[in-house]
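Engineer:
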Amino acid sequence: MESENLLARYFSGQASKDELKLLDNWINASPDNEAEFMRMTKLYEITGLNENEKPHFDYTNAKISFEKHIYTNHKKSNSFRIFNAKRNWIAVAAVLALLIAVGTVMKQANQISEVTIASNSKPTECILPDNTKTALSANSCLKYKTDFAVTNKVLNLTGEAKFSVGKSGKGKLKIAAGETFIEDIGTVFEVTAYEKDNYIQVKVFEGVVKFYTSTDKGLVLHARETGIYNKVSKKFRILAGYKSGRNSNLQLNLDGVTLQQAVRIIENAYQTTIKLAEDNYADKQITVSFSDEQVNTVLSVMSQTLGLRVEKNKDYYLIKK
Amino acid sequence: MVVSNQVDIQRMDETIKALKSGDRKAFSNLFENFYQALCRYSFSIIRETADAEDVVQKIFFKLWDQHSELEIQSSIKSYLYRMVHNESINFIQQKTNRSVKNYEIVSSTDANTDDVNEQMAASDLQQAINKALENLPPQCRKAFELSRMEQKSYAEIAQNMNISTNTVENQISKALRLLRIALKDYLVVYVSLQIFLHN
Chain A
1 MESENLLARY FSGQASKDEL KLLDNWINAS PDNEAEFMRM TKLYEITGLN ENEKPHFDYT
61 NAKISFEKHI YTNHKKSNSF RIFNAKRNWI AVAAVLALLI AVGTVMKQAN QISEVTIASN
121 SKPTECILPD NTKTALSANS CLKYKTDFAV TNKVLNLTGE AKFSVGKSGK GKLKIAAGET
181 FIEDIGTVFE VTAYEKDNYI QVKVFEGVVK FYTSTDKGLV LHARETGIYN KVSKKFRILA
241 GYKSGRNSNL QLNLDGVTLQ QAVRIIENAY QTTIKLAEDN YADKQITVSF SDEQVNTVLS
301 VMSQTLGLRV EKNKDYYLIK K
Chain C
1001 MVVSNQVDIQ RMDETIKALK SGDRKAFSNL FENFYQALCR YSFSIIRETA DAEDVVQKIF
1061 FKLWDQHSEL EIQSSIKSYL YRMVHNESIN FIQQKTNRSV KNYEIVSSTD ANTDDVNEQM
1121 AASDLQQAIN KALENLPPQC RKAFELSRME QKSYAEIAQN MNISTNTVEN QISKALRLLR
1181 IALKDYLVVY VSLQIFLHN
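Residue numbers (the working numbering), protein chains in the order written: chain A, 1 to 321; chain C, 1001 to 1199.
This is the structure:
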């Protein structure tokens, strides 16, 4: 079939399955054909739209919804091999025996000890054995065993750290912070767990994390969401979260948090930059809730509550007197 | 626009390989790069914003769910456009109540383009499209508009115009060919301008 008629049938929705296959073959036959197809596709699009039509698509929520889907729907690899050992039982047994022997010797020879990374008064960065990039805030401490990423990936955190999870080694990254655990599902996230505070907070930048204790299944947090665990009440709460579904909207429940905390949660949720004009604003306490509000409204209300105001600059918001 | 550069081909292969292996970052990038454009394309067929978004979202979900079985021999871009086109057409065909859409009716939902250059370019393009359509032979134009604007099948158009379905097909092919020639220069500029303005 001539390519012109084939394209006409395709664009008109009249092409059969066989004809669609023919079209695929024609497109795949050369870059010129593919370029022509894209030109005709663009032609088809512009002849169907009016210049005054500028439909608005909700990209932000669509992206959140898509990322929730891909980070919570693991696709296992289809391929695995069945080792046919029918002819090689003796050889297999011999290799296994050898491996066990070697493993035992190695284990006895290698004493497992603990590694400590402490930041003291200045933030520090490090890369863990599994290529996880870690940014430790000041006065924070990270500990892990020397067999980290060999059989599992467990870290102990006191203080605050941001993790960009690496893919090397075995096991899923799990952070023990106080009595809570934060488990990674392929992400970038920050954990705040200072001993002096009565809370542990997790903020997710990309991907998904599980945030729980040994007795409470806790929260599953997605990108741009923040959750908190109260060490006194033993309860989890979402500080910034998106309801699921196509029309998801942002819920902010900032209850008794400092302005500094609130600012950083809002920055992550709205993907914006907020600065405080003076450091002494940071510890002001605030309790506010918002549902599906623009960031301008959130900052305006929050600032006014504290007797401050917000100014919009080119690249950031400034909270000042 | 022609992918003839070896580096481009290599990058394309690497992208497809990453997608097939379930690289989430690659999927996120794909979504960022193509979501809005694909929604606009679907909207040009379906004429409803929410439905267009649903179609495109469905395609991306499907792409992820079946990523290990992906077989893409062309570029990922043309593959996505084909998927969205087919899904949009299916959506239209499955709708029980198809209303006639007059493409000349303004249905602006968000006219927030401040860029004067983009407005002028869009206006020039629209004038060129209108002129190109007016210059089509009458039968050709009618068949094309019934297909493109009202999403009528060849059989419906044939009945409407009292001609055979073969003639319908020939008229629509002819319309596309003539429009392609008439809008050749604008098509290139339009695409380039889009890339320039959105980068």
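Even glycine gets a Cβ: it sits at the ideal position worked out from N, Cα and C.
Beta-carbon of T1049(C) versus every beta-carbon of chain A: anything under 8 Å?
Structural biologist: Position 49 of the second sequence, counted from the first residue, corresponds to residue 1049(C). Closer than 8 Å to some Cβ of chain A, the Cβ of T1049(C) qualifies, so yes.
Engineer: I'd like the list of long-range same chain contacts for S121(A), defined as Cβ closer than 6 Å, with 5 residues on each side in sequence excluded.
Structural biologist: Taking the first sequence and counting its residues from 1, the one referred to as residue 121(A) is at position 121. Only A138 meet the Cβ criterion.
Engineer: Under three-state DSSP, which class holds L306(A)?
Structural biologist: For this step, residue 306(A) is matched to residue 306 along the first sequence. Three-state result, L306(A): coil.
Engineer: Residues in the same chain with beta-carbon distance under 6 Å from K133(A), minus the five sequence neighbours each way, listed in chain order, please.
Structural biologist: Counting from one through the first sequence, the residue named residue 133(A) turns up at place 133. Result list for K133(A): I127, S164, in chain order.
Engineer: Quick one, which of T72(A), N5(A), Y199(A) has its alpha-carbon nearest L221(A)'s?
Structural biologist: Position 221 of the first sequence, counted from the start, is the residue given in the question as residue 221(A). For the residues T72(A), N5(A), Y199(A), the minimum Cα distance to L221(A) belongs to T72(A).
Engineer: Let me confirm a value: P55(A) is counted as buried when at least 16 other C-beta atoms fall within 10 Å, else exposed. Which label applies?
Structural biologist: Position 55 of the first sequence, counted from the first residue, corresponds to residue 55(A). Flag for P55(A) reads buried.
Engineer: Tell whether a beta-carbon distance below 8 Å holds between I185(A) and V209(A).
Structural biologist: By 1-based counting over the first sequence, the position of residue 185(A) is 185. By 1-based counting over the first sequence, the position of residue 209(A) is 209. Yes, the pair counts as a contact, with Cβ atoms nearer than the cut-off.
Engineer: What's the call for S1123(C), buried or exposed, on a 16-neighbour Cβ count within 10 Å?
Structural biologist: Within the second sequence, the letter at position 123 stands for residue 1123(C). Exposed is the call here.
Engineer: Just checking, does the region 5 to 20 of chain A make contact with the region 1164 to 1174 of chain C on the three C-beta pairs under 8 Å criterion?
Structural biologist: Cβ pair count under 8 Å is three or more, so yes.
Engineer: Given that a residue counts as buried once 16 or more other Cβ atoms are within 10 Å of its Cβ, and exposed if not, what is A1132(C)?
Structural biologist: By one-based count along the second sequence, residue 1132(C) stands at place 132. A1132(C) comes out buried.
Engineer: Measure the C-alpha to C-alpha separation of F1060(C) and T1015(C) and round it to an integer number of angstroms.
Structural biologist: Within the second sequence, residue 1060(C) is the residue found at index 60, counting from 1. Within the second sequence, residue 1015(C) is the residue found at index 15, counting from 1. For F1060(C) and T1015(C), the distance between alpha carbons rounds to 15 Å.
Engineer: With I1076(C) as the anchor, note down where its beta strand (DSSP E) starts and where it stops.
Structural biologist: As a working note, residue 1076(C) is residue 76 in the second sequence. That residue, I1076(C), is in no beta strand (DSSP E); its alpha helix (DSSP H) goes 1076 to 1094.
Engineer: Does any CB atom of chain C fall closer than 8 Å to the CB of Q14(A)?
Structural biologist: Stepping through the first sequence from its first residue, residue 14(A) is reached at position 14. With 8 Å as the cut-off, Q14(A) counts as an interface residue toward chain C.
Engineer: Alpha carbon to alpha carbon, what distance is there between F57(A) and E1053(C)?
Structural biologist: What you label residue 1053(C) is simply residue 53 of the second sequence in a count that begins at 1. What you label residue 57(A) is simply residue 57 of the first sequence in a count that begins at 1. Cα-Cα distance, rounded: 7 Å.
Engineer: Please go through the same chain and pick out, in chain order, the residues whose beta-carbon is closer than 6 Å to the beta-carbon of A193(A), but skip the five residues on each side of it.
Structural biologist: Counted from its first residue, the first sequence places residue 193(A) at position 193. Closer than 6 Å at Cβ, skipping near neighbours: L157, A177, G178, I200.
Engineer: Quick one: which residues of the region 134 to 161 of chain A get their C-beta closer than 7 Å to a C-beta of chain C? List them in chain order.
Structural biologist: Listed by position, the residues of the region 134 to 161 of chain A near chain C (Cβ gap below 7 Å) amount to none.
Engineer: Which chain E residues are close to C1039(C), counting only those with a beta carbon under 7 Å from its beta carbon?
Structural biologist: In summary, chain E is missing from the structure at hand, where the protein chains are A and C.
Engineer: Give me the Cα-Cα distance between S214(A) and A223(A), rounded to the nearest whole angstrom.
Structural biologist: Along the first sequence, read from residue 1 onward, the residue named residue 214(A) stands at position 214. Along the first sequence, read from residue 1 onward, the residue named residue 223(A) stands at position 223. Taking the straight line from one Cα to the other gives about 24 Å.
Engineer: How many Å lie between I266(A) and M302(A) at the Cα?
Structural biologist: Taking the first residue of the first sequence as 1, we reach residue 266(A) at position 266. Taking the first residue of the first sequence as 1, we reach residue 302(A) at position 302. Their Cα atoms are separated by approximately 11 Å.
Engineer: Roughly how many whole angstroms lie between the Cα atoms of N28(A) and S1074(C)?
Structural biologist: As a working mapping, residue 28(A) is identified with position 28 in the first sequence. As a working mapping, residue 1074(C) is identified with position 74 in the second sequence. Straight-line Cα distance between these residues: approximately 5 Å.
Engineer: Alpha carbons only, please: which of L219(A), Y316(A), F290(A) is nearest the one belonging to T273(A)?
Structural biologist: Your numbering for residue 273(A) matches position 273 in the first sequence. Of L219(A), Y316(A), F290(A), the residue nearest in Cα terms is Y316(A).
Engineer: Does the beta-carbon of H56(A), which I'm using as the reference point, lie nearer than 7 Å to any heavy atom of the ligand NAD?
Structural biologist: Judged by which ligands are present, the structure shown has none, so any question about the ligand NAD falls away.
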